[in-house]
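Everything on this sheet refers to the single structure shown next.
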Amino acid sequence: GRRTQLLKGLPATSTVEENAAAGVSVYNFNVTVSPLSSEGVAILPTIVNSNPLTEAFDIESKGDLEYRVVTTGNPVLDYETMPKSFDLQIFVEDTTGRTDLNILTVRVIDKNEPPVFQGNMAIQTVMIYVLEGTPVECIYQVDAADPENAELKYSLLPAPVPFVILESGAIFSTKEFDYEKDPHCYFLNITVADPHGLNSTKTLNINIVNINDERPYFTIKQRIYRIPEEQSLGTIVANITAKDPDDEDSPSRLFYSIQSSDRYFSINPSTGVLQVTGRIDRDALPLRLHPNISVIVRVEDSTSGGHASEMEITIIIDDINDNPPECNPSTFRKEVNENTTAGTFLLDLRNYCKDIDVDPSNNQFNFTGLSGFGSNNFALESTVSGRLVMTESIDLENTAHLGLEVYSLTVRVQDIGCPNYSNIIYIYIRIKPVNEFFPVFSNLSYEFNVPEITKVGSSIGRVKARDKDWPPSVITYSIVAGGGIRDYTNIFWISPTKGDVKILARLDYETTQKHILTVQASDQEKTATASVTVNVLEVNDEEPVCSPNFYSFQIPVSLAVGTNINGFRIECQDHDSDPRSFRYFINEGTVS
2 GRRTQLLKGL PATSTVEENA AAGVSVYNFN VTVSPLSSEG VAILPTIVNS
52 NPLTEAFDIE SKGDLEYRVV TTGNPVLDYE TMPKSFDLQI FVEDTTGRTD
102 LNILTVRVID KNEPPVFQGN MAIQTVMIYV LEGTPVECIY QVDAADPENA
152 ELKYSLLPAP VPFVILESGA IFSTKEFDYE KDPHCYFLNI TVADPHGLNS
202 TKTLNINIVN INDERPYFTI KQRIYRIPEE QSLGTIVANI TAKDPDDEDS
252 PSRLFYSIQS SDRYFSINPS TGVLQVTGRI DRDALPLRLH PNISVIVRVE
302 DSTSGGHASE MEITIIIDDI NDNPPECNPS TFRKEVNENT TAGTFLLDLR
352 NYCKDIDVDP SNNQFNFTGL SGFGSNNFAL ESTVSGRLVM TESIDLENTA
402 HLGLEVYSLT VRVQDIGCPN YSNIIYIYIR IKPVNEFFPV FSNLSYEFNV
452 PEITKVGSSI GRVKARDKDW PPSVITYSIV AGGGIRDYTN IFWISPTKGD
502 VKILARLDYE TTQKHILTVQ ASDQEKTATA SVTVNVLEVN DEEPVCSPNF
552 YSFQIPVSLA VGTNINGFRI ECQDHDSDPR SFRYFINEGT VS
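Following the numbering used here from start to finish, the sequence shown increments by one per residue and tops out at 593.
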């Protein structure tokens, strides 16, 4: 086409500040068209080339063939990093075919820009984590740059925070942080400024990280507990609670244990519930003497190598009435003489009974319920004393008591407190007979007639004695006088138990016609005597005694019949026969 001066005001040189926003006007120019061009411009003014190439500029119409060069904002012009000057070739063509091409030189003017953060702070809010207890040290290095390479200064807000920033941009803590006492989070506004006062600010978020550096502590105030003895297994005594300062924002994960060896209690390692796991008998040793149980409870924040605290709690065991009174022995045997006077003291039961409950309110007891056959003869002085006494004299010979020698009694020993535990005491009272009466023979005297030929060992009679004592006394018989003859101390014997009188030697009427004996009856304490007369009855039991008992003589054969031979005559005697009663005969031999 034909080149004609259509672009009025070009070529030209213009300036624009770096970092200009999109739409900033750089340069204004007009288009002059031919009078023959009734329709104006065929091709609008256009940047057809640039040196160096860029899309940072564009042309906008202002109307009435007025135009301006503006920034596009893409890219943003940067004096420090981009070319300092751009040659823009602007082309235009009117409707008659005329064209024009001119250059607009745009120089970029340096502008004092604020410093720019680099690294993570340039694109996000930086989160810094600092462990509690960390010594004072550098926790972060701020990195910033000035487009004009000016020297920068750093500052932080708010001022009353435990951090400082050095000229180098290094941020230091100024203290050791304690998570449990200090804020958990700090928001720091970091400002970097150039010498002209331009600045940039970014936020730095510093979080204090909790570590396990604190000992757990018990939150319960109570240290002394009281429980009754004999609690069932599993009974809860106390709920031990603790907290770990390291776990303020969440439930504490703690572990409980009992340090001291304990056979009575255990603790749930997770919940801290202290409960009964063994029998607790206040009345047995060692609790009988020392009713306070000390338990060392330990709480740890880790099962291995953590922090721990210990606390001593005291559990006082209270006595309850859980034992009946006991008597040792529980069976008594007592002998009492008959006719013992009423009111006589027999037995003090309290000396043999006790209640092992420790508390006096639980170990008091009394005696009640005296019963048993014949118990009306006895009484307890009082329910408290337990003293058993006679209320009536017992005479075994009395028909009201006849035959009853042993009285079986029972007494109930019972708690005064509640519940009323009790036991039974068995008492056997034997009424000991007293030998009150002398034996009495059935006859004042006895007379036995005994033939003299009665065999030795034969019973010739019986004596009988008894006394009024009950039970009947055992009577023993003996001969205390009489019955002796020349060769024998006593020819009589009496059965000690039956009273049978027997002869020990042959009786001889011819020697002694009568024996008088004194027989004694004894009940081992008292005696009585009776006279026994033994009449010996005569019996022809003696042989005649003749003299001579041997004789020899001769007679002539012619001696006449009836002739006395040589004047021979037998002389005979008999102890138990009159000679006049004798009869003589030849027993054996020649009958001549």
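No residue lacks a Cβ here, since even glycine has one placed at the ideal position from N, Cα and C. No experiment lies behind these values; they were computed from the predicted model shown.
- Between the segment 316-326 and the segment 281-297 there are three or more C-beta pairs closer than 8 Å, enough to call the two in contact.
- Every beta strand (DSSP E) of 3 residues or more that sits fully in the segment 500-524 is shown, in chain order, as 501-504, 515-523.
- Shown here, N378 sits in a helix according to DSSP, grouped into three states.
- If you look at Q276, you'll find it in the beta strand (DSSP E) that goes 274-277.
- P452: member of the beta strand (DSSP E) spanning 446-452, first to last residue.
- As summarised for the segment 282-344, the continuous beta strand (DSSP E) elements at least 3 residues long and confined to that stretch are 293-301, 309-319, 332-338, given in chain order.
- The C-beta separation of D245 from L255 comes to about 6 Å, placing the pair in contact by the 8 Å criterion.
- Residue environment for I317: exposed (fewer than 16 other C-beta atoms within 10 angstroms of its C-beta).
- Remark: three or more beta-carbon pairs, one from each stretch, lie closer than 8 Å, so the segment 566-573 and the segment 542-551 are flagged as touching.
- In this structure, DSSP gives G590 a state outside helix and strand, which the three-state scheme calls coil.
- Looking at S532, I486, Q525, the one whose alpha-carbon comes closest to that of Y510 is I486.
- The shortest CA-to-CA distance from V457 to any of D542, A506, N75, G170 is the one to A506.
- Annotated three-state conformation of L397 is coil, per DSSP.
- Membership of L132 in the beta strand (DSSP E) is indicated by the continuous run 127-132.
- In the structure shown, G64 adopts extended strand secondary structure according to DSSP, grouped into three states.
- Only residues of its own chain outside the window of five on either side were considered, and among them Q365, F366, N367 have a CB closer than 8 Å to the CB of I417, listed in chain order.
- The alpha-carbon of A22 is positioned some 15 Å away from that of R69.
- Across the set K182, A401, Q521, D358, the C-alpha of A401 shows the shortest separation from the C-alpha of F374.
- In the structure shown, N150 falls within a coil segment according to DSSP collapsed to helix, strand and coil.
- The beta carbons of E231 and F178 sit about 54 Å from each other, so the pair does not count as a contact at 8 Å.
- Remark: fewer than three beta-carbon pairs, one from each stretch, lie closer than 8 Å, so the segment 517-530 and the segment 559-569 are not flagged as touching.
- A check of alpha carbon separations from C419 across V137, T342, D360, R351 identifies D360 as the nearest.
- For P452, same chain residues with a beta-carbon under 6 Å away, outside a window of 5 residues either side, are L538, V540 in chain order.
- Listed in chain order, the non-local C-beta contacts of L234 below 7 Å within the same chain comprise V277, T278, local neighbours out to five positions each way being set aside.
- In the structure shown, D247 adopts helical secondary structure according to DSSP, grouped into three states.
- Separation of K222 and I241 (C-alpha to C-alpha, rounded to the nearest whole angstrom) is 10 Å.
- The three-state reading of DSSP puts L350 in helix, counting H, G and I together.
- Comparing alpha carbon positions, the residue from T345, H291, N329 closest to D319 is H291.
- Annotated three-state conformation of P580 is helix, per DSSP.
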